[in-house]
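K.L.:
Below are the structure tokens for one structure; questions will follow.
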Amino acid sequence: MTEAAALRATLRRLLALEPEALPPEHSFLVPEGEGPFPAVLYAHLHGGHYHLGRRELTEGWRCLQGPYAPDLLAAGYAVLCIDMPGFGARQGEGNEGALAKAALWQGRTLMGRMLGELQAGFDWLAAHPKVDAGRIATLGLSMGGTHAYWLAALEPRVAAVAQLCVLADIGPMIRDGSFDKHNHYMTVPGFLRHAEMGDVAGLVAPRPQLVCHGAADALTPEPARGHALTRLRAAYGGSEALELFTAPGAGHEETPDMRRRVLDFLSRTIGQE
Numbered sequence: 037m038t039e040a041a042a043l044r045a046t047l048r049r050l051l052a053l054e055p056e057a058l059p060p061e062h063s064f065l066v067p068e069g070e071g072p073f074p075a076v077l078y079a080h081l082h083g084g085h086y087h088l089g090r091r092e093l094t095e096g097w098r099c100l101q102g103p104y105a106p107d108l109l110a111a112g113y114a115v116l117c118i119d120m121p122g123f124g125a126r127q128g129e130g131n132e133g134a135l136a137k138a139a140l141w142q143g144r145t146l147m148g149r150m151l152g153e154l155q156a157g158f159d160w161l162a163a164h165p166k167v168d169a170g171r172i173a174t175l176g177l178s179m180g181g182t183h184a185y186w187l188a189a190l191e192p193r194v195a196a197v198a199q200l201c202v203l204a205d206i207g208p209m210i211r212d213g214s215f216d217k218h219n220h221y222m223t224v225p226g227f228l229r230h231a232e233m234g235d236v237a238g239l240v241a242p243r244p245q246l247v248c249h250g251a252a253d254a255l256t257p258e259p260a261r262g263h264a265l266t267r268l269r270a271a272y273g274g275s276e277a278l279e280l281f282t283a284p285g286a287g288h289e290e291t292p293d294m295r296r297r298v299l300d301f302l303s304r305t306i307g308q309e
């Protein structure tokens, strides 16, 4: 077993990852035409906006430049977005804290449940007649960015990943106290005994990956951001498949440059036939 395969197996064990069904609370958008189309599995953000969920795809939110659905459909991508447990139409399942605690009592993790549902979404996309299974990317900001790169790390069929405003190692944030700005969903018991967030993102290599940060983002502070990027760069070994962008002065938000880079990245990685 290779080192990467061993780490994937460890992550699956720590997450207590189990097969999940695609939740009915999902949105699938497809361009006009016969296809098959390249596709984006869009992971929604958190921000404490539990009412929003997958509606972010079509309605946007204040930390985004606007909803992604019009841009992605105009560029010819099919798009799937799923309400995560406790978000959007699934708020009735319980609040995040209760869902996380219940999962732990059951020997599971909320993060594992979320990733299991996103995996089901990927499998559904890959089997859809309107989708080119070889050209499916993941995309998200904040919690969505975490889900985007974790799923790509665990699922080798993900063709490319664009993650915004999220990558930072946990150890340095525990030392400076900033880790508590992140919510319960992200907690994976025992994780730091084996790896860091930069190592998880590194499992995407050698596939294309775009990583965007806001330089003043309190949720990805230095040195936690730099610590993760050092590990990520090592995994890619100087390959141009890794694209990094930090927006000067920006906080926990998508900037116009980030939006342009995401659309250009998707065009170059999954948009070419």
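Going by this note's numbering, the sequence shown opens with residue 37, and the numbers climb by one from there. Glycine included, each C-beta is placed from N, C-alpha and C at the ideal position.
In chain order, what residues of the same chain have a beta carbon less than 6 angstroms from the beta carbon of E95, not counting five sequence neighbours either side?
P.N.:
P103
K.L.:
Go ahead and pull the three-state DSSP assignment for I210.
P.N.:
Secondary structure at I210: helix, using DSSP grouped into helix, strand and coil.
K.L.:
Measure the C-alpha to C-alpha separation of W160 and A42 and round it to an integer number of angstroms.
P.N.:
26 angstroms
K.L.:
Flag this pair as touching only if the segment 299-309 and the segment 105-118 have three or more C-beta atom pairs under 8 angstroms; answer yes or no.
P.N.:
yes
K.L.:
Helix, strand or coil for T282? Go by DSSP, reduced to three states.
P.N.:
strand
K.L.:
Compare the C-alpha of D197 against each of T182, G207, A204, M209 and name the closest.
P.N.:
The question names Asp, but residue 197 in the sequence shown is Val. Nearest C-alpha to V197: T182.
K.L.:
Can you give the Cα-Cα distance for R44 and F158, rounded to whole angstroms?
P.N.:
17 angstroms
K.L.:
Apart from the five residues just before and just after G287, which ones in its own chain have a Cβ nearer than 8 angstroms to its Cβ?
P.N.:
Around G287: G250, A252, D253, A254.
K.L.:
Would you call the segment 113-131 and the segment 54-65 in contact, with 3 or more CB pairs under 8 angstroms?
P.N.:
Under the Cβ criterion (8 angstroms, minimum of three pairs), the segment 113-131 counts as touching the segment 54-65.
K.L.:
State the beta-bridge partners of Y23 as determined by DSSP.
P.N.:
Past the boundaries of the shown model lies residue 23; the chain is included only from 37 to 309, so the question cannot be answered.
K.L.:
Check for me: the beta strand (DSSP E) holding P292 runs from which residue to which?
P.N.:
Taken as a continuous stretch (DSSP letters only), P292 belongs to no beta strand (DSSP E), being part of the alpha helix (DSSP H) at 292-305.
K.L.:
Have a look at L77 and G133 and give me their C-alpha separation to the nearest angstrom.
P.N.:
26 angstroms
K.L.:
Considering Cα atoms alone, identify which of E54, E290, P74 is closest to W97.
P.N.:
E290
K.L.:
Return yes when the Cβ of W186 is within less than 7 angstroms of the Cβ of L151, no when it is not.
P.N.:
yes
K.L.:
By the DSSP assignment, the alpha helix (DSSP H) with D253 in it spans what residues?
P.N.:
For D253, there is no enclosing alpha helix (DSSP H), since its DSSP letter is neither H nor E.
K.L.:
I'd like the span of the beta strand (DSSP E) that includes R171, first residue to last.
P.N.:
In this chain, the beta strand (DSSP E) harbouring R171 covers 167-177.
K.L.:
Restricting to Cα atoms, I'd like to know which of H230, V247, I306 is closest to R49.
P.N.:
H230
K.L.:
When we look at the beta-carbon of T305 and count the other beta-carbons within 10 Å, is it buried (16 or more) or exposed?
P.N.:
buried
K.L.:
With respect to the alpha helix (DSSP H) encompassing V26, which residues constitute its N-terminal and C-terminal limits?
P.N.:
Nothing in the structure corresponds to residue 26, since the chain is present only between 37 and 309.
K.L.:
CB L93 to CB A105, shorter than 7 angstroms?
P.N.:
In this structure, L93 sits near A105, with a CB-CB distance shorter than 7 angstroms.
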